[in-house]
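Asks:
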Amino acid sequence: MLPTVDFCGLKMTRLLIGANPFGGFSHQNEARDTAMRTWHTPERIKETWARAYAAGINTFVSNNETPHVIETVTEYLAAGGPLQWVAQLSNRNFPTMQATVDRALEIGAKAAFFHGGIVDDLYAKRDAKTLQAWVEHAKTKGIPIGVAGHAPETHYWVDSLNLVDFHMVCFFDCGSLHAGRGDKFHLADIFPAAECCRRLQKPCIAYKILGAGRIDAAMAFEFALGNIKAGDVVNVGMHRGDNDNIVEDNVAIVRRILGA
C-alpha cells in the first residue's frame, strides 16, 4: 500500500482515485466528455478500481448522481469491494441534502463532502444556516463530512464557521466565483490553492492537481505533495482509455516522491 495518513479517523492513502473520467467530466470539450463516458463501462470502472487497489491505493472518490457510475459504486461495495468510498454529494436528484446523505450511507460511504459548485453558491449567498443544517445531519450519522470548493475564499469562509471535518480544495479556480465563470484553468491558481491547504488546520484533499490533464503528471504530483500538509492527500481521476497503465504509472510517481 502507498503511505497512509489518519484522515478524520480513516486510514487513507495519500493518493486517491477520482471518477470524473468515468462520468465524462473532462473539463476539456464535449467530444472528450463523450469519449470518456463511452469508454467507461461498469466493467471497466470496476477493473480500474481493482488495479488501483492492487497498485496500492485504498480509497476512491465519486459523485452520487451520474447514473452508470453510482450504480457501479453500489454494486462494487455490495460485493465487498475493498476500496473505501468518499462520496461527493449533490441533492439535485433528491428532495433534500439530508436524504442525499442518508442514501450515500446506505450504499456504503465512509466519508462525504458537499459538491463544490453547491458550496460555492452557499458562500456567495453567505448562507451558513443551510450548510450548518446539512453538516449537523451528517454528523449524527457518524461519518466525516467535508466541503469541496473551487476557490480559496469558499474554504476560508467555511473554515470560519468551524463546521466541517475536512476540505476538498480545487487547485484551479474553475467554478462560478471568478470573473467570467465556467471552466478556467489558469496556472497561477495553484499557488493560492496550495497555500489554502496549508493554512487550513483541518485535513484537505487536493483535487484537479493536474488541471484536468493539462499538466505533466510528475510535475503536478511533485508540486502538490510538496506544498500541502503532511496529513493531506491528493485525488486524481485516471482515464485508462488514454494510457492503460495510467493507474500504475501515477502510483509509481507518488511512491518516488514520497520515498516509498
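In terms of the working numbering, the sequence shown is residues 106 to 365.
All residues carry an ideal CB built from backbone N, CA and C; glycine is no exception.
From a predicted model like this one, the values you see are computed outputs, not experimental measurements.
According to the neighbour-count rule (16 or more other Cβ atoms, all chains shown, within 10 Å of its Cβ), is His272 buried or exposed?
Replies: By the neighbour-count rule (16 or more Cβ atoms within 10 Å), His272 is buried.
Asks: For Ala284, which residues of its own chain have a beta-carbon under 6 Å away from its beta-carbon, when the five flanking residues on both sides are left out?
Replies: Legend: pLDDT at Ala284 = 48, less than 50; position of this residue unreliable, no value from coordinates given.
Asks: With H, G and I counted as helix, E and B as strand and the rest as coil, what does DSSP make of Phe130?
Replies: Coil, per DSSP.
Asks: Starting from Tyr158, follow its DSSP beta bridges and name the residues at the other end.
Replies: Bridge partners of Tyr158: none, in fact.
Asks: Quickly, what does DSSP pair Ser181 with across the bridge? List them, please.
Replies: The sequence shown places Tyr at residue 181, not Ser. Tyr181 pairs with nothing; no bridge assigned.
Asks: For Gln189, which three-state DSSP category applies?
Replies: It is a strand residue.
Asks: Would you report the Cα separation of His291 and Arg304, rounded to the nearest angstrom?
Replies: Cα to Cα, the separation comes out at about 21 Å.
Asks: Please report the residue range of the beta strand (DSSP E) in which Met324 lies.
Replies: Element bounds for Met324: not the beta strand (DSSP E) but the alpha helix (DSSP H), Ala322 to Asn332.
Asks: Pull up the CB-CB distance for Ala192 and Asn169, whole angstroms please, since I reckon it's below 8 Å.
Replies: That belief holds up - the Cβ atoms of Ala192 and Asn169 are roughly 6 Å apart, short of 8 Å.
Asks: How would you call Asn340, buried or exposed, if buried means at least 16 neighbouring beta carbons within 10 angstroms?
Replies: So Asn340 counts as buried.
Asks: What number of angstroms, rounded off, separates the C-alpha of Thr118 from the C-alpha of Ile310?
Replies: Distance between the alpha carbons of Thr118 and Ile310: 11 Å.
Asks: Starting from Leu266 and walking both ways along the alpha helix (DSSP H), at which residues does that stretch end?
Replies: From DSSP, the alpha helix (DSSP H) with Leu266 extends over Pro257 to Leu266.
Asks: Are there 16 or more other CB atoms within 10 angstroms of the CB of Thr153, so buried, or fewer, so exposed?
Replies: Per the 10 Å Cβ criterion, buried.
Asks: Which same chain residues end up closer than 6 Å to Ile150 when comparing Cβ atoms and leaving out the 5 residues on each side of it in sequence?
Replies: So the list reads Phe127 and Thr177, once near-sequence residues are dropped.
Asks: Quick one: grab the DSSP three-state call for Asn355.
Replies: In this structure, Asn355 counts as helix in the three-state DSSP scheme.
Asks: Is His272 helix, strand or coil when you go by DSSP?
Replies: Note: His272 maps to strand in three-state DSSP.
Asks: Just mark Arg156 as buried or exposed, buried being the case when its beta carbon has 16 or more other beta carbons within 10 Å.
Replies: Classification of Arg156: buried, given that the 10 Å Cβ count is 16 or more.
Asks: Report all residues from its chain with a CB closer than 6 Å to the CB of Ile314; omit the five preceding and five following residues, and keep chain order.
Replies: For Ile314, where only same-chain residues beyond five positions count, the Cβ hits under 6 Å are Phe276, Ala325, Ala329 and Val339.
Asks: Assuming the contact rule is C-beta atoms closer than 8 Å, Leu188 and Thr171 should be a hit. Round their C-beta distance to whole Å, please.
Replies: Not really, about 17 Å apart at Cβ, beyond 8 Å.
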